[in-house]
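Heads up, the thing below is written out as structure tokens.
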Amino acid sequence: MNRIDIQRGLADVTDEEVRRLCEFVYRKTGMIFAEEKRYYINRRLAERMAATESTSFQVYFATLRADADNEIEHLINSFTVNETYFYREDHQFRCLTSTLLEVIAPKKRAGEPVRIWSVPCSTGEEPYSIAIWLLENWDKVDRYEIEIVGSDIDTTALRAAETGIYSERALMRLSQDLIARYFTRLDDGRYRILPDLSDTIQFTRANIVDAAQTGAHRNFDVIFCRNILMYFDDTSRRLAAENLYESLRPGGFMCLGHTESMSRITSLFDVCRFSDAIVYRRPLGDPHG
Amino acid sequence: MPLKKRESSHAPEGRAPEPVEVVVGELRHPDPERRWSAARRLGERPGAAAALAAALPGEADPRILEAIFTSLIRLGGEESAPFLLPLLRSDEAALRLGAIEALEAMPAALAAHIEGLLQDPDSDVRIFAVELTRKMPAEQALALLCRMLDREDHPNVCAAAVDVLAEIGSADAAPCLDRCRARFAGQAFLTFAITQALDGLSRTAT
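Residue numbers (the numbering used here), protein chains in the order written: chain U, 6 to 294; chain V, 38 to 243.
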């Protein structure tokens, strides 16, 4: 019989049970949790066992497999990491306006939108950062229709993204001027993004290792997919790369986190070394997607 | 505001899966887009490994080759490994490399075949097999490579094994490396590589 150590918030589970849970999470998300993450896994498991009033791992795992009360979604939400902030790795945003959009935009027909996908978008800091950056730094912003979509596997994070309320810490890289123009300070000291801006971003659920879900997200000119592939194993990285490739238009660009490299995963993309960033491009002229 | 929101992305509606023979047939379609799509969809169809592997030799588009290998990986080693192993003998570099990458991603299935690969009559296959041990648990790889070094008579295969042992080995590898150095005393490049490996392993041990 498994128990939860209330004081320490840990579930009393065997190595084999942890392995089964990790395998389940891997199959659903592509995320690998190694042995050294056992404490992290155990804390999440204890939270979910308590929330579902499961008296043992077996009871909880049966609930999970049956997806009773959307337990798979709850578990995935508890496993994801949503710590981020505005204007993170902004050299890529500089690259977006100085180079990428200068390549993409002139090829657009009248009324054809420039489409940008932020995935995973966590609680919205990245898609809002892209929007603010474009409004502030791209002098052609008024000439084009721009669609920004933010997607994440974590539905709790997506709801927070739509609400658009942030702590001062999340805004640490924004100037006071930007904060004053794009946010409203709330009584509790947090900040809410202006509705005019939050209303322009579409938030959707997407798991980048699920081709059926990414298949509903197509024809993007630029994809920001940062700091997620590093949590995947080789197989999931390959699958995610193929899914993202299909979501890009031919000639479209992809930005990864600074520790990530698409070249080590797949040869599907061309490497583009620009002065502000290294990005990956779906080759022009191939007909896929 | 120039930014526009468009409700354009919807989850696809559930549809009954196509008959697998139909998707397999698409692997030979003249349109590369259809072949690419079929290769990707078959990664979710258990039992499709044979058809995917059969499409590899005739496929010239590297992107589709990559998608086929990804799907073989997704189908799992138990189903796919038997179709990947013969590709280690292929004259096509893209197929050999694709097979190696795919086999590296299925260590459990590989473990069942690696001993045989390390004794293959073809020295090139033995070298590929040595490379594949890099992704195995270090203790298991060390034991396999030490056994191989004691019987291997091709200096290039031994050199490949020495290279891997230098990276993943421990002081336990020293006796077999010593024996190999004595057997190949006339092969200067190999004795040099072994001496370097032994130096490295002894530094790691201290």
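Every residue, glycine too, gets a C-beta built ideally from N, C-alpha and C.
As the structure is a prediction and not an experimental result, all values here were calculated from the model.
Task: Alpha carbon of alanine 146 of chain V to alpha carbon of glutamate 115 of chain V, nearest angstrom - done: Stepping through the second sequence from its first residue, residue 146 of chain V is reached at position 109. Stepping through the second sequence from its first residue, residue 115 of chain V is reached at position 78. Between alanine 146 of chain V and glutamate 115 of chain V, the C-alpha separation is close to 6 Å.
Open item on the list: Is the separation between the beta-carbon of asparagine 248 of chain U and that of alanine 216 of chain U shorter than 8 Å?
Closed with: Stepping through the first sequence from its first residue, residue 248 of chain U is reached at position 243. Stepping through the first sequence from its first residue, residue 216 of chain U is reached at position 211. Yes, the pair counts as a contact, with Cβ atoms nearer than the cut-off.
TODO: Please confirm if proline 125 of chain U has its CB atom under 8 Å from at least one CB of chain V.
DONE: Locating residue 125 of chain U in the first sequence gives position 120, where the first residue counts as 1. Residue contact check for proline 125 of chain U against chain V: no CB pair falls below 8 Å.
- [ ] Mind listing, in chain order, the continuous beta strand (DSSP E) runs of no fewer than 3 residues lying wholly within the region 187 to 259 of chain U?
- [x] 188 to 190, 196 to 198, 206 to 210 and 225 to 230
TODO: Please compile the residues from chain V whose C-beta is within a distance smaller than 7 Å of the C-beta of proline 200 of chain U.
DONE: Within the first sequence, numbered from 1, the residue matching residue 200 of chain U stands at position 195. Here the premise fails: no neighbours, minimum Cβ distance about 11 Å.
- [ ] Can you say whether serine 266 of chain U is buried or exposed, counting buried as having 16 or more other CB atoms within 10 angstroms of its CB?
- [x] The residue given as residue 266 of chain U occupies position 261 in the first sequence. Exposed, since its Cβ has fewer than 16 Cβ neighbours within 10 Å.
Task: Status (buried if at least 16 other CB within 10 Å, exposed otherwise) for histidine 79 of chain U - done: Taking the first residue of the first sequence as 1, we reach residue 79 of chain U at position 74. With 16 or more other Cβ atoms within 10 Å, it is buried.
Task: Neighbouring residues, chain V, relative to leucine 101 of chain U (Cβ below 9 Å) - done: Here residue 101 of chain U is taken as the residue at index 96 of the first sequence, counted from 1. The premise fails here: leucine 101 of chain U is roughly 14 Å from chain V at the closest Cβ pair, so nothing lies under 9 Å.
Open item on the list: Using a 10 Å radius around the Cβ and a threshold of 16 neighbouring Cβ atoms, would you call asparagine 47 of chain U buried or exposed?
Closed with: Position 42 of the first sequence holds residue 47 of chain U. Buried is the call here.
Task: Residue environment, arginine 240 of chain V, which counts as buried when at least 16 other CB atoms sit within 10 Å - done: Within the second sequence, numbered from 1, the residue matching residue 240 of chain V stands at position 203. By the C-beta density criterion, arginine 240 of chain V is exposed, having fewer than 16 other C-beta atoms within 10 angstroms.
Task: For tyrosine 171 of chain U: DSSP bridge partner residues - done: As a first step, residue 171 of chain U must be located in the first sequence, where it is residue number 166. U/Tyr196, per the DSSP bridge assignment.
Open item on the list: Residues of chain V with CB closer than 7 Å to the CB of aspartate 239 of chain U, please, in chain order.
Closed with: Along the first sequence, one-based indexing puts residue 239 of chain U at 234. Here the neighbours are Ala142.
Open item on the list: Residues in the same chain with beta-carbon distance under 6 Å from alanine 282 of chain U, minus the five sequence neighbours each way, listed in chain order, please.
Closed with: Locating residue 282 of chain U in the first sequence gives position 277, counting from the first residue. Here the set comprises His96, Gln97 and Cys100.
Open item on the list: Counting only Cβ pairs nearer than 8 Å, list the residues of chain U close to alanine 92 of chain V.
Closed with: Stepping through the second sequence from its first residue, residue 92 of chain V is reached at position 55. Simply none; closest approach about 16 Å.
- [ ] Please confirm if threonine 170 of chain V has its CB atom under 8 Å from at least one CB of chain U.
- [x] For the purposes of this step, residue 170 of chain V is identified with residue 133 of the second sequence, where counting begins at 1. Chain U, which has no Cβ nearer than 8 Å to the Cβ of threonine 170 of chain V, makes this no.
Open item on the list: Determine, for serine 272 of chain U, whether the minimum Cβ-Cβ distance to residues of chain V falls below 8 Å.
Closed with: Residue mapping note: residue 272 of chain U aligns to position 267 of the first sequence, counting from 1. Answer yes: the Cβ-Cβ gap between serine 272 of chain U and chain V drops below 8 Å somewhere.
TODO: Using three-state DSSP, classify serine 103 of chain U as helix, strand or coil.
DONE: Position 98 of the first sequence, counted from the start, is the residue given in the question as residue 103 of chain U. In the three-state scheme derived from DSSP, where H, G and I count as helix and E and B as strand, serine 103 of chain U is classed as helix.
Task: arginine 24 of chain U classed as buried or exposed, judged by whether at least 16 other C-beta atoms fall within 10 angstroms - done: Position 19 of the first sequence, counting from 1, holds the residue named residue 24 of chain U. Counting Cβ neighbours within 10 Å, arginine 24 of chain U comes out exposed, since fewer than 16 surround it.
Open item on the list: Just to confirm, is the Cβ distance from tryptophan 138 of chain U to serine 252 of chain U under 8 Å?
Closed with: Numbered from its first residue, the first sequence carries residue 138 of chain U at position 133. Numbered from its first residue, the first sequence carries residue 252 of chain U at position 247. The answer is no: Cβ separation not under 8 Å.
Task: Cutoff 8 Å: isoleucine 153 of chain U Cβ touching any chain V Cβ - done: To locate residue 153 of chain U, count along the first sequence from 1; it is residue 148. Interface residue, yes.
Task: Closest by C-alpha distance to glutamine 177 of chain V, when choosing among V/Pro144, V/Arg163 and V/Asp187 - done: On the second sequence, residue 177 of chain V is found 140 positions in, with the first residue counted as 1. For glutamine 177 of chain V, the nearest C-alpha among the options comes from V/Pro144.
Task: Same chain, Cβ closer than 6 Å to glutamate 150 of chain U, neighbours up to 5 away in sequence not counted - done: Locating residue 150 of chain U in the first sequence gives position 145, where the first residue counts as 1. Counting only Cβ-Cβ distances below 6 Å, and skipping sequence neighbours, we find Pro118.
Open item on the list: So glutamate 21 of chain U contacts chain V; which residues on that side make the cut at Cβ distance below 7 Å?
Closed with: Numbered from 1 along the first sequence, position 16 holds the residue referred to as residue 21 of chain U. The premise fails here: glutamate 21 of chain U is roughly 16 Å from chain V at the closest Cβ pair, so nothing lies under 7 Å.
TODO: Note down the Cα distance separating asparagine 232 of chain U from glutamate 152 of chain V, rounded to an integer number of angstroms.
DONE: Sequence index remark: in the first sequence, residue 232 of chain U carries index 227 (1-based). Sequence index remark: in the second sequence, residue 152 of chain V carries index 115 (1-based). Going by the C-alpha atoms only, they are around 38 Å apart.
- [ ] Please decide whether proline 118 of chain U counts as near chain V, where near means a Cβ-Cβ distance under 8 Å.
- [x] As a working note, residue 118 of chain U is residue 113 in the first sequence. Taking Cβ atoms only, chain V reaches closer than 8 Å to proline 118 of chain U, which makes this a yes.
Task: Beta carbon of valine 18 of chain U nearer than 8 Å to that of leucine 50 of chain U - done: Your numbering for residue 18 of chain U matches position 13 in the first sequence. Your numbering for residue 50 of chain U matches position 45 in the first sequence. Yes, the Cβ-Cβ distance between valine 18 of chain U and leucine 50 of chain U is below 8 Å.
- [ ] In angstroms with no decimal places, state the Cα-to-Cα distance between aspartate 159 of chain V and alanine 166 of chain V.
- [x] For this step, residue 159 of chain V is matched to residue 122 along the second sequence. For this step, residue 166 of chain V is matched to residue 129 along the second sequence. So the two alpha carbons sit approximately 11 Å from each other.
- [ ] Run the CB neighbour count on valine 276 of chain U, radius 10 Å, all protein chains shown included, and call it buried at 16 or more, exposed below.
- [x] Here residue 276 of chain U refers to the residue found at position 271 when the first sequence is read from its first residue. Under this definition valine 276 of chain U is an exposed residue.
Task: leucine 238 of chain V versus V/Arg218, V/Ala203 and V/Lys41, residue with shortest Cα-Cα distance - done: Here the question's residue 238 of chain V lines up with position 201 in the second sequence. It is V/Ala203 whose Cα lies nearest to the Cα of leucine 238 of chain V.
Task: Where cysteine 217 of chain V sits in the DSSP three-state scheme - done: Here residue 217 of chain V refers to the residue found at position 180 when the second sequence is read from its first residue. Helix, per DSSP.
- [ ] Return helix, strand or coil for glycine 155 of chain U, following the three-state DSSP convention.
- [x] Reading the first sequence from its first residue, position 150 is the one you call residue 155 of chain U. Strand.
TODO: Compute the Euclidean distance between the alpha carbons of proline 292 of chain U and leucine 106 of chain U, then round it to the nearest angstrom.
DONE: On the first sequence, position 287 is the one that residue 292 of chain U refers to. On the first sequence, position 101 is the one that residue 106 of chain U refers to. Because the pLDDT at proline 292 of chain U is just 49, under 50, the model does not fix this residue reliably, and the point stays unresolved.
Task: CA nearest to the CA of glutamate 189 of chain V, picked from V/Asp161, V/Ala85, V/Ala92 and V/Arg65 - done: Stepping through the second sequence from its first residue, residue 189 of chain V is reached at position 152. Residue V/Asp161 is the option with its Cα nearest to glutamate 189 of chain V.
TODO: Give the DSSP-derived three-state secondary structure of valine 284 of chain U in the structure shown.
DONE: For the purposes of this step, residue 284 of chain U is taken as residue 279 along the first sequence, with counting starting at 1. DSSP places valine 284 of chain U in strand when its eight states are reduced to three.
Task: Residue burial classification, methionine 6 of chain U (beta-carbon count within 10 angstroms, cutoff 16) - done: Taking the first sequence and counting its residues from 1, one reaches residue 6 of chain U at position 1. Because methionine 6 of chain U carries a pLDDT of 45, less than 50, the predicted location of this residue cannot be relied on, and the following value inherits that uncertainty. Exposed, since its Cβ has fewer than 16 Cβ neighbours within 10 Å.
Task: Classification of glutamine 63 of chain U by the beta-carbon crowding that lies within 10 angstroms, buried from 16 upward - done: For the purposes of this step, residue 63 of chain U is taken as the residue at position 58 of the first sequence. With fewer than 16 Cβ atoms within 10 Å of its Cβ, glutamine 63 of chain U is classed as exposed.
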